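K.L.:
Quick note on numbering: full-length UniProt numbering labels position 9 of the sequence shown as 9, and the sequence is numbered without any gaps.
Idealized CB from N, CA, C, for every residue including glycine.
Just so you know, these numbers come straight off a predicted model, no measurement behind them.
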Amino acid sequence: MEFTAWFGRLNINEQGEVTDCQPFSKDPDELAERLLAFQESGQNVRLQGIDLRQTASDCGFVELDEEYDVLLRDVCIRAAKSRISSNDTDDVRIIQAVQALDDIDRNVNELSERLLEWYGAYFPELELTGEALASFVTSFGSRANVPAGHPLHEKASGSMGAEISFADEELLRTFASNLCSLYDTRRHIESYIVTGMGSLAPNLSDIAGALLGARLISMAGSLQKLASFPSSTVQVIGAHRALFKHLRSNTPSPKHGIIYNNIIIKNAPWWQRGKLARAFASKISLAARTDLYSGKKNPSIRESMEKKLNAIRAANPSPPKRESKPTGKPGPKGRGRNRKGGRR
1 MEFTAWFGRL NINEQGEVTD CQPFSKDPDE LAERLLAFQE SGQNVRLQGI
51 DLRQTASDCG FVELDEEYDV LLRDVCIRAA KSRISSNDTD DVRIIQAVQA
101 LDDIDRNVNE LSERLLEWYG AYFPELELTG EALASFVTSF GSRANVPAGH
151 PLHEKASGSM GAEISFADEE LLRTFASNLC SLYDTRRHIE SYIVTGMGSL
201 APNLSDIAGA LLGARLISMA GSLQKLASFP SSTVQVIGAH RALFKHLRSN
251 TPSPKHGIIY NNIIIKNAPW WQRGKLARAF ASKISLAART DLYSGKKNPS
301 IRESMEKKLN AIRAANPSPP KRESKPTGKP GPKGRGRNRK GGRR
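(1) Looking at the strands, I want to know which residues DSSP matches up with F175.
(2) Relative to the C-alpha of V18, which candidate in K26, G8, E110 has its C-alpha closest?
(3) So what does DSSP say about E2, is it helix, strand or coil?
(4) Starting from T19, trace the beta strand (DSSP E) in both directions and tell me its first and last residue.
(5) With a threshold of 6 Å on Cβ separation, who are the neighbours of D90 within its own chain once the five nearest residues in sequence on each side are excluded?
(6) Out of N11, R313, R173, state which residue places its alpha-carbon closest to the alpha-carbon of Q272.
(7) Which class does L126 belong to by DSSP, given the choice of helix, strand or coil?
(8) To the nearest angstrom, how far is the alpha carbon of Y192 from that of Y68?
(9) Relative to the C-alpha of residue 350, which residue among D51, V92, A279, P252 is closest?
(10) For S177 and G198, I'd like the C-alpha separation in whole angstroms.
(11) Please classify G8: does DSSP put it in a helix, a strand, or coil?
(12) Out of curiosity, what's the CA-to-CA distance linking N13 and K245?
(13) Is the stretch 285-303 touching the stretch 242-259, taking contact as three or more C-beta pairs under 8 Å?
(14) Our contact map puts L286 next to I264 with C-beta atoms below 8 Å; I'd like the distance itself, whole angstroms only.
(15) Give the secondary structure of I207 by DSSP, where H, G and I count as helix, E and B as strand, and everything else as coil.
(16) Rounded to whole angstroms, what is the Cα-Cα separation between L115 and W270?
(17) Can you list, in chain order, the residues of its chain whose CB lies under 7 Å from that of L276, leaving out five sequence neighbours each side?
(18) Count the other CB atoms, across all protein chains shown, that sit within 10 Å of the CB of L179; report buried if there are 16 or more and exposed otherwise.
(19) To which residues of the same chain is T290 closer than 6 Å at the C-beta, ignoring the five residues directly before and after it?
(20) Have a look at A5, Q39, N11 and flag the residue whose alpha-carbon is nearest the alpha-carbon of F24.
(21) Looking at V146: is its Cβ nearer than 8 Å to the Cβ of A162?
(22) Cβ of residue 349 within 8 Å of Cβ of I95?
(23) Please report the straight-line C-alpha distance between Q54 and C21, rounded to a whole angstrom.
(24) Verify whether the separation of the beta carbon atoms of D75 and A37 is less than 8 Å.
(25) Of the choices L243, E131, G141, whose alpha-carbon is the least far from that of S165?
(26) So, is the C-beta of P230 closer than 8 Å to a C-beta in chain B?
(27) Determine the burial state of I259: buried for a count of at least 16 other Cβ atoms within 10 Å of its Cβ, exposed for fewer.
(28) L64: buried (16+ other C-beta within 10 angstroms of its C-beta) or exposed?
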């Protein structure tokens, strides 16, 4: 029976003895590729009990044991480098960008709240928040620096806030400037994700949107894993808490997960969301598979999705009627008995 080792092909009889050996070339790069294939094939388990070092020497692949060890070490290093470089794929970079976006959002929210409370002691009438507040503090610092023609000049001149010192003003300006840089970085990362998704998953970006599609890939772990999920799993990605609660306590199962953030589901009436989410998830799954195996944009996926969604909306224009439960046992004329106290 023929097996492939990292250095050559071996013929092994039923007694487990090597009867013939055909060595490969000693090119380290070629041997590294063969070593990776050898590890993935599982044949290393079948070759247990065979002295590969002695076999390589007997078939003329190497002359000394030291040569075998040096060559195997070089081949293993090259194989490890090849495997590491192959892990740096486009979807891995998209996942890192999505996670960086989440980190920035968390930090921006905390720092924005801190700036709002901090600067509120000096200008409590200011109703700005978030990036607008950070930009205002960066530009003016003290409320006394707001020019006469500015819309907030009247509020600034009549503010009841405390007077700000020069040291506090400089510190707040630096703090707000760094916060503005985070907002700029966030926009840059979003632009990077949109561009990357356009080449990595054009169909998924067209169906779900670039940012939502990237988040689905991030939650799944890779584009390949997302493509392997059934549409029922895609439908509830991100709703793991509600799903576990459903499995534990028999509560209603979640109708949708993170795909709720798409306007198709978010803006839909409540009685249509379940059906729309199922149809939407099935097209997301189809788009992910198309991107994985083809990589070319297929406009027919979106066209079929629009037809399906419109059919669901047309078939369910109004909420379903809920059956009214009887209040008690029927009376002599078919009416419910009045169980309330008081005069009849």
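P.N.:
Considering the structure as presented:
(1) According to DSSP, F175 bridges with nothing at all.
(2) It is G8.
(3) DSSP places E2 in strand when its eight states are reduced to three.
(4) Where T19 is concerned, the enclosing beta strand (DSSP E) starts and stops at 18-23.
(5) L200
(6) The alpha carbon of Q272 has as its nearest neighbour, out of N11, R313, R173, the alpha carbon of R313.
(7) Here L126 carries a coil assignment [DSSP, helix/strand/coil].
(8) Going from the Cα of Y192 to the Cα of Y68 covers about 47 Å.
(9) Outside the displayed span of the chain (1 to 344) sits residue 350, for which this structure offers no information.
(10) 32 Å
(11) In the three-state scheme derived from DSSP, where H, G and I count as helix and E and B as strand, G8 is classed as strand.
(12) 57 Å
(13) Put simply, the stretch 285-303 does not touch the stretch 242-259. Fewer than three CB pairs are less than 8 Å apart.
(14) About 15 Å separates the two Cβ atoms, so there is no contact after all.
(15) It is helical.
(16) L115 and W270 have their C-alpha atoms roughly 38 Å apart.
(17) These residues qualify, in order along the chain: I264, I265, A268, L309, I312.
(18) Under this definition L179 is a buried residue.
(19) Excluding sequence neighbours, T290 sits near N203, N298.
(20) Of the listed residues, the one whose Cα sits closest to F24 is A5.
(21) Taking 8 Å as the cut-off, the beta carbon of V146 is found no closer than this to the beta carbon of A162.
(22) Examination of residue 349 is not possible in this model, given that the chain is present from 1 through 344 alone.
(23) 12 Å
(24) Sequence inspection shows Val at residue 75; the Asp mentioned does not correspond to that position. Result no, Cβ atoms of V75 and A37 do not sit closer than 8 Å.
(25) If we check each option's Cα against that of S165, G141 comes out closest.
(26) Judged by its chain identifiers, the structure shown contains no chain B, having just a single protein chain.
(27) buried
(28) exposed
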